[in-house]
Structures are given as C-alpha cells and as structure tokens.
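Chemist: Protein chains in written order, with the working numbering: chain G, 1 to 325; chain C, 326 to 645; chain L, 646 to 1035.
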Amino acid sequence: MREITYAQAVKEAMSEEMRCDPDVFFMGEDIGVYGGAFGISNGMLAEFGPERVRDTPISENGFVGAAVGAAVTGSRPIVELMFSDFMTVCFDHILNQAPKMRYMFGGKAKVPMVLRTAAGGGTGAAAQHSQSLETIYAHIPGLKVVVPSTPYDAKGLLKTAIRDDNPVIFLEQKLLYRTKGDVPEEEYTIPFGIADIKRPGADCTIITYGRMVQLSLQAAELLAQEGIDAEVIDIRTLLPLDTATLIQSVKKTKHCVIVHEAVKFAGFGGELAATIHESEAFYYLDAPVKRLGAVSAPIPFNPVLEKNCFPTVEEIVQAVRETQS
Amino acid sequence: MPTTHPKALHKEFLSKMLLARKFEEQVQTLFAQGLVHGTTHLGIGEEATAVGTILAAEPQDYLLATHRGHNHALAKGVDINAMMAEILAKSDGVCKGKGGSMHIADLDKGILGANGILGSSAPIACGAGMTIRRRGEDRIVLCFFGDGAANLGAVHEAMNLAALWNLPVLFVLVNNTYGMSLHISKASSDPDLTKRAYPFGIPAETVDGNDVIAVYDTVKHARDYVVEHGPMLIVENTYRISGHSKSDGNLYRTKAEIAEWREKCPILRHKKYLLDKEIFTAEAIDEMDKETTAIIEAAVAYGKASPEPSLDTILTDIYA
Amino acid sequence: MTELIMPKAGMAMEEGKIVRWLKDVGDRIEAGEAIMEIETDKITMETESPAAGILLVKYYEDGDVVPVTVTVGYIGERGETVPDAPMVPSASVGGGVPDAPLAHVPAQHTTCSTQNSIIPLATPYARTLAAQAGVDLGTLTGSGHGGVIKARDVQKVSADAGHADGDTTVPLAGMRAVIAERMTRAAEIPAVTQSMKVYMDDLLALRAEVNEGCAEKVTINDFIIKAAAHAVAESDLFRTEIDMANCRLITRAQTNIGVAVALDEGLMVPVIRDADKLTLTELSVRAKDLAARARGGQLLPDECRGSVFTVTNPGASGIFTFTPIINQPNAAILGVGSLHEELALVGGAFVTRKFVMICLTYDHRIIDGTAAAVFQRRIKGLLEEPAVMS
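1) Just grab the DSSP bridge partners of C/M557 for me.
2) Going straight from the alpha carbon of L/S929 to that of L/I870, what length do you get?
3) I want to verify the contact list: residues of chain G whose CB lies under 7 angstroms from the CB of C/E633, in sequence order.
4) If you draw a straight line from the alpha carbon of C/N274 to that of C/L467, how long is it in whole angstroms?
5) Does the CB of G/C20 have a neighbour CB from chain C at under 8 angstroms?
6) I'd like the span of the alpha helix (DSSP H) that includes G/D21, first residue to last.
7) Starting from L/E886, trace the beta strand (DSSP E) both ways and give me its first and last residue.
8) Looking at the unbroken beta strand (DSSP E) that takes in C/G469, where does it start and where does it end?
9) What does DSSP give as the partner residue(s) for L/M841 in the beta ladder?
10) Comparing C-alpha positions only, which one of L/A771, L/T714, L/Q777, L/D888 sits nearest to L/R1010?
11) Count Cβ pairs between the region 430–445 of chain C and the region 16–34 of chain G that sit closer than 8 angstroms; are there 3 or more?
12) Tell me, please, whether the CB atom of G/D203 is closer than 8 angstroms to any CB atom in chain L?
13) Which class does L/N972 belong to by DSSP, given the choice of helix, strand or coil?
14) What number of angstroms, rounded off, separates the C-alpha of C/I639 from the C-alpha of G/H93?
15) With C-beta atoms as the reference, is C/R459 less than 8 angstroms away from G/E51?
16) Where C/I620 and C/H569 are concerned, what is the direct C-alpha to C-alpha distance, given to the nearest angstrom?
17) Assign G/A311 to one of three DSSP states: helix, strand, or coil.
18) Counting only beta-carbon separations shorter than 8 angstroms, does L/Y770 have a partner in chain G?
19) Quick one: measure Cβ to Cβ for G/P298 and G/A119, integer angstroms, because I've assumed they're closer than 8 angstroms.
20) Report the option in G/H139, G/R54, G/G269, G/A37 whose CA atom is closest to the CA atom of G/R291.
21) Going by other Cβ atoms of all chains shown within 10 Å of its Cβ, with 16 needed for buried, is L/P652 buried or exposed?
22) Taking the alpha carbon of C/T354 as the point to measure from, which residue in C/L388, C/D386, C/I412 has its own alpha carbon closest?
23) With a 10 Å radius around its C-beta and 16 neighbouring C-beta atoms as the bar for buried, classify C/C590 as buried or exposed.
24) With a 10 Å radius around its C-beta and 16 neighbouring C-beta atoms as the bar for buried, classify C/N491 as buried or exposed.
25) Determine the burial state of L/G980: buried for a count of at least 16 other Cβ atoms within 10 Å of its Cβ, exposed for fewer.
26) Within 10 angstroms of the Cβ of G/I235, are there 16 or more other Cβ atoms? Answer buried if so, exposed if not.
27) When the Cα atoms are used, what is the spatial distance from C/G418 to C/T364?
28) What residues are listed by DSSP as bridge partners for L/T955?
29) Comparing C-alpha positions only, which one of L/R884, L/A890, L/D909, L/L908 sits nearest to L/Q899?
30) Work out the CA separation of G/G181 and G/M1 for me, nearest whole Å.
31) If you measure from the beta carbon of G/F282 to each beta carbon in chain A, is any gap under 8 angstroms?
32) Which chain L residues sit within Cβ distance under 7 angstroms of G/L285?
33) Taking the alpha carbon of G/R211 as the point to measure from, which residue in G/F192, G/L238, G/H260, G/C309 has its own alpha carbon closest?
34) Check L/E691 in the structure and name its three-state DSSP category.
35) Just mark G/P184 as buried or exposed, buried being the case when its beta carbon has 16 or more other beta carbons within 10 Å.
36) Could one say the Cβ of G/F86 lies closer than 8 angstroms to chain C's Cβ atoms, at least one of them?
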C-alpha cells in the first residue's frame, strides 16, 4: 500500500468529496494561493477555483457563521480555522447556532458543515495556539467531534464528516501533519462512533486519541519487554463515543489507563473513566482507572517547560505498570 | 413621492399588521393567564417594519428574524395556528414546542429562524447568500437585526463579508430606539446607523418605520438593488411600545413618551390613510378587524387543544 | 443515647425477625443484658444491649422483620428525645456498625492502611471473584499498592484451597460421584449416633464351637448381622422410611439387611433379603457370596436395593467408636467397632473381657431416643447371649 502524510490524507479527502459533490465548498484563512497555514490545501485553488476554495478575511465569527447559513440552505461547507484556539472567537456559531438549529426548529433544519482545525501543542506556539479544547465540543449535543490519529483515519473520517448532515468538529493534530501512514488509493470511509483497537493486548487497556495514540503505542512496546501486554484503543470520535468497545476491552484486561493531550482536570478522560465505572466493566477493574493529561497550566513557550506539560511515553509506561502492581 | 398601490396590497398591509398586533396582544393575555411559560418579546408598535419589508420581498426570499420575531414570521406567512401552538409549547407548534417564542422558524417558508443571540443572524445571512450565489438562484436574504445588535462585531464582520463577496443580503436594521432599556443615544457613538454601512461600501437608506407604505417602497427598491449589485442596509426607525420582555417595568422611559408613540401607531396611521384616501370604508376596516379577531381566537383554540409533546421527543431532532 | 440496631449475625444475613422484645419501653437495662430475641434464616438468638440505660423507644414490634443495621430502638436516660422514625442505615454492608467510617480509596501516591477500615480495600474485580468463590475478603492480605486486595490475592487463596505443588486433580465421577451425592443428601437427615458396649466373650466361645471342623467359618460380623436382623424384624420403626415429599411414613414388611462392603474405589451395600429368616450358617454363606461378588464387580443392580437397615463393620481396624452415616432411605445404621479387651473386677478377681462398641445412628425424624436405646439394648442382649439366636 502507498504511504502518504496525514496532511495529504486530509487534502485527498476534501478534494475527492469536492469532485463528486458540487455542494461541497471550502473556505478559510489563507487556504487559497498560500495553501493553508499548514500547507494542507496546496493546489486546491488551482483545481477548484476561488469560489469553491475561498480565502476568507480574518473574520472567524463572520465566516464560521456564514458556513452555518450556507449549510442550513443546502450547501456543504468545509471551514478551516488556522488554529483550534481561534474557535473561541466564534463559539456563538459553534455552540449556539450550528448544533441547536435542528432541534430548535423542530427537526426541519440540517446543518451539514465541517469545521477543520489544527489542535494541540508541542510546536512552541505558546498559550493561544496550542490548546486541545475537544472536551468543550463533546459537551454540546448536536455536534460531532472527531480527532484522527493516523493518515488512514484522517482521510476516512474526514470523508464521513463531509457527507454527514450534522455539524462536525474535526480536530487535526499539528504534530501529526507530517507523519506518514498507509492509505489505500481506493475509496473508503470510516464510520463515526467506532473505536479502533490500534494494538490488541491482554493486561491493560490504554484508551486514547489524537497524538497520544502514537505515544501509547510506543509505551505498549516498552511494556511488552517487561511482559505487560497493553491494548491501545483509539476512540477516534469523542461524540459519538463507542462505549461498547471500551467496556469490552476493560472487562478483558481488568485495567485501564486513559491518555489525552488536553488538560487532565475536567478533561474528556473524566468522561471515559466514568463510562467504565458506570458499566459492568467496573466489576472487572483490578486497579483504579488512571488518567494522564496535560497539567493545569496554559501551554508555556519554553520548549522544556512545554514538553513537561504533556504526558510522555515514560509516564504512560509508569501508569500502566502501576495498574499491574 | 406618491405611489399608487393596488387595493389588495393595502388590504394585505392592514390585515397582516392587524394579525401581528392582535396575535401579540393575545400572547400578552395568555402570558398573564399563565399559559405561556418562559418569556416572550413583543414588537407592538413595530408591525410596519416587518409587514412593509416582507411584503416588498419575494416569497422565495430567505428571512432571518430577530428574537422579537412574531411580526416577521406572521408577515412571511407562517401558519398562525402552528405559531400559537408553538407559543403555548405544544406538539403542533411550528417547531414542535421545542423552540418557543424566541426560535420561531419555518424552513419551508424560507425562515431560517428567529435568533436568541443578537447579531448572529448577520453572518448566517451571508452563508445563505453564498448558497444563492453559488447556485445562481433568484432570491435574496432579508436579515433583520436591531439597533442594539448593530453594535456587535458579528454584524460588522457580516457586512464586510457580504460586501467583499457581493452577497445578496438586505440588512434590515429595525431601530426601535431601545436596546432593552438602553436608549440608542447611550449605546451608539453616532445614532445615525446608516453610517454603519459606509465603511464596507454598502449603500444605506433610512425610512420611517411606522409608515408601512414608505417601508414597502423603500424595500422594493432596495431588493432590486441587492439582486443587481449586492448587499444594502435599510434603517427602519420605529418604537417598541411593548416592554422589552414580560418582566419589563418601563423604568427607563416615561409614560408620556409611550403615549406619544401610541399616537404614531403604524396601524392607526395606515387606517387613517385608507379612510382619508377612501380606499376602504370604516365598515370594511371594522370587518377586517373582526375577521382578524376570529382568526386569532381560532388559533388560541387550536393551540390549547394541541397535545403536549411526548417525552420521547426530548431526544429526537438532535441529529439529522 | 445509644442506638439499638438489628445486628448482622451472618455474612449472608440481610434481615432479621424480632421474635420478641425481652424489655419494655421504660425498663432499665444493663450493658450486655439480653434485650430482644431475634431470628435469622439460620438461628434464633438473643441480642445484648450495647449500653446501660432505659429502653426509650421501640420502632418495631414482636414479629417484625427488619433489615440488618436498621435502628430498632434507642437506649438512654429518661427525658432524652428520640427520633420519630428509625434511622436509615449508613452502611448497608460490612460489619453492621451503621456509623463506621467507610474506607476511602487512597489519594494519589499515599499509602493507606486497611487496619482501621471496616471494609477491606479491594478492587472491584477482587470483590467479584471473592463473591464467586465465597472468599471472605476480611481474611486476605492485599498485595496491591497500599495493601489493596487485588484479584490475584483472591485467586491465590481460592487456588490454595485445592492446590499445592504436586497435587493432582481428577474429575468426580462413577461410584465416587454417587457416594458424594448420597452423602451430601444424608447430611440433611437429623441423625443421632449413640454407642453401647457389647461384651463378646460368650459369642466368641460360641463361634469357636460352631466353626469347629467347618471349612466355611462364621465370622463375628455374621453374628452381628444375625442379631441386627432379629432386632429389626421385631421393630416396625427400624423398617420404616420417611417420605417427606408426600408427608408419610412407610413401614417395610421384609427384613432386608444391607451389609457395607469396602472396595478400593469406594463402598457398596449389597442386601441380604429376609435376613431374619436365615439361619446363622445360611446368612454367613449369603454374606460371603455377596461380598465376594461385590469385590469382583459382579453384583446385580437389584442386589443393592431394598434394604431397610444397614450394618457396617470396618473390622480389625482399631476403631473404637464412630458415627456411621445412614444409608438412605433406611431409618438407621449399625456400626461396629473393633474388638477390644478390658480388665474387669468380677467376684473380687481380675478377669479380661472382650468387647466391641456398637454405634447406632438413627433418623430422629422417625425414631426417638428411647426407642433407639431399647433397640440397641436388644442387639446387645442378643450378642451377649448368642445362643438365643441359633
């Protein structure tokens, strides 16, 4: 199979969907001739023209709101926000408008839009360009929330997002854009709400998503050398959440460690832990569920400080070990 | 500029304004009787802005209403029974009882919703305009907002986008003098709100919002401009006779001021015009009044008889 | 003021019945004095007062069934006000002390001692396994962080119960499975065992006489079977079966005596039919034949059915007394100990006497103690004067 980068996978998904559905268009800051801040859309302007690959002014509340209006009138906009932190300036449309219209309007409206953005830290971008805010969106009924961890998942999930009739928050991982992975040339999509067991194991379930999937897999390899067989589950979509796979896995392994890059306190890991505790998996737990997430601090600029904010491979290894002790 | 309008149009001006007025008066009564829960924002005194504007537009045009949106919905032709049922939170409501007074929407009629968040309708209107342009459709977007929302960044961003992308959006600024309790002079550095359009190169006009014929003529003209050239702003000056919401004690204005505006009531004014010009007799106008009352009474009966939504609908209509 | 609760008097006890109050409201009571009689699904017991004082209130009456740990009354001094209604238990599991602090899961990286905890700290999975295996978590020492009992601790204990290095396991099957099943059922019988000494000198002398010049010797056990058959034939009670399902007693006409035969793989009880009608010699021949065929695996199924009474004699194994288990549906079984000697003072002179202990186990549902004693004395008499039988 051919290997492409995560960034290429995102572009392929958009381009393929735009080729087969004229209602799909793409807008965002500097996505045209510049090719996007992360180079995702290089070449798309040439293929689709300025109407369908539309550069926007620095006016996030304006163009995200416009995407809502376009979607509710039958278009299928894809919006790129340069950094996920910028979503905060258009929360009204993300939280109050897009996810609530269908409900408020008695089921008559559809809001098929995808809001793509680059999330996460590790790039030295400091406190306003490094956050992982997915938990906020997972808290809003009416939204769907996707955090892909591989090129294969990014492409398959984005195509599903574009075809979905609901507002989808698609949180790409900055540090993963250049990572490569197998992506078939043939058409495929990945349904939402299906977790992916990235590595099967018998002794401890590591539930994770996004960038932390890679770290968890590295930790699992180190643990294997100690005779601890960790299972790594990538939830892929936070909303809808595939609770069945998580519960089944924990019933099997009896241990659970949750890892995410977002701040641990009040993070999505709390929801995942509660999912285990509220299910029959609780009675199979042979150690408390452990959570790993970022420390409760704005992301610092200094690279050493920044690195120490997020869970590391060593910390994941240690957390799994502790469940076994 | 005297224009001649067909008699049928005059009848529609009056009947729609009467419908809106009597509907809201009825809502007020139902509220006092404890039959309307939550809150409701009435636009008594502002009827000419909604009726004049919407009748000047085409039926296929999109409409984004404000939180004070009963007038807009009724003028656009939402079924009055379904409206009343919605106000009463019943299952036959136009939004199945899930939206209520502040979120009346009817996509079949092109109403993309009344909005509880001020100013948010403006960027959404731009998006609707993008769909129209992309598909080359013969329709425009009527985006209502008020003098309060005019100070929001979202409105300015939307005007910029609409102008930048030449979107078919008619911004309709209903200046009812107060943003809740705050007089326009205390909210806007320059109360001439037409100037809000100038930085974006958008033309703007002001009209007496209590003169339904003037509103109609202005918007008719403006719609042609929008179809031809792109966005435009109309500022329709009027006055909210009713309080902001049901908990308004009117502490920020005088009774004399309200009384003065009652005299300027757009419905009284249009009735007088019809009589003066001998377009309708007093009896005919009386007859319209009675007909409207009967329609409202029937709507109340319909709304009261409509069943409560079943509990399982809590979890329906969240996702498509 | 001290609360009086329905105590948890057993691991599985969830509620108890107040059979009767032993004190009335207003009565003075000492700490440790019986205050009420309660009944669990297992027992009736008296509950002791936890404090000295006046019984101030009773929330439940005689005959009421109350969940464990629920407050049933208060003991205090006159004038103290009591709640209008019983307190809801604050701890529904564990030691039955309502206000006992529950153990907390330790904070991150702190150790926690289980010593002061009413409930041992155990992981949910350890609790699940312990509940399945019937292991009391209170008896375990946790090997986890902070002394937490983990699944492995429970698994180790339940494994220790059956396994050590070198142990082997075979499935329970065949004769052993039948025996296990029947013995389990026998445990339901309210059985009494009583032992009696039987002097054997006369019997031994007679046996020597009988066996003089005979190729086939009569054994002591043949005499005992003969005596038992005699006594059983005389007593309807010892030929009676109980049929609880149909609430009836069935007295069998025939005196068919079962004789336990020990085999390597277990035990069989072939039946000598109409044993009372056989002479000692006939009976002896019959017993030897059945025992031989039992050892050779040649018994017909019918030859092991229809007994009304069983004799079991472990022979010269040195056993003094034992408590034989009734061979269902018999009403009783007679066990015979080994032959022992004793020194006795007879007419001012020391003599040695030989004796066996005969151990009669009987079903107390059918037979009372007096009848059993009469029956047992009858056998003793027959054996001590064996000439009567021959």
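The beta carbon of each residue, even a glycine, is placed where N, CA and C say it ideally should be.
Modeler: Put simply:
1) C/L495
2) 9 angstroms
3) Within 7 angstroms Cβ-Cβ: nothing; C/E633 doesn't reach chain G, min ~14 angstroms.
4) The displayed coordinates of chain C run from 326 to 645. Any statement about residue 274 of chain C would go beyond what the structure contains.
5) no
6) From DSSP, G/D21 is part of no alpha helix (DSSP H); its letter is neither H nor E.
7) 885–888
8) Note that residue 469 of chain C is Phe in the sequence shown here, rather than Gly. Residues 466–471.
9) L/I1003
10) L/D888
11) no
12) no
13) coil
14) 22 angstroms
15) yes
16) 26 angstroms
17) Note on identity: in this sequence residue 311 of chain G is Pro, with Ala being the wrong assignment. Three-state result, G/P311: coil.
18) yes
19) With a Cβ gap of about 15 angstroms, G/P298 and G/A119 do not count as contacting.
20) G/G269
21) buried
22) C/I412
23) buried
24) exposed
25) buried
26) buried
27) 16 angstroms
28) L/G903, L/I978
29) L/R884
30) 9 angstroms
31) This model lacks chain A altogether; the protein chains it does include are G, C and L.
32) T768, P769, Y770
33) G/H260
34) strand
35) exposed
36) no
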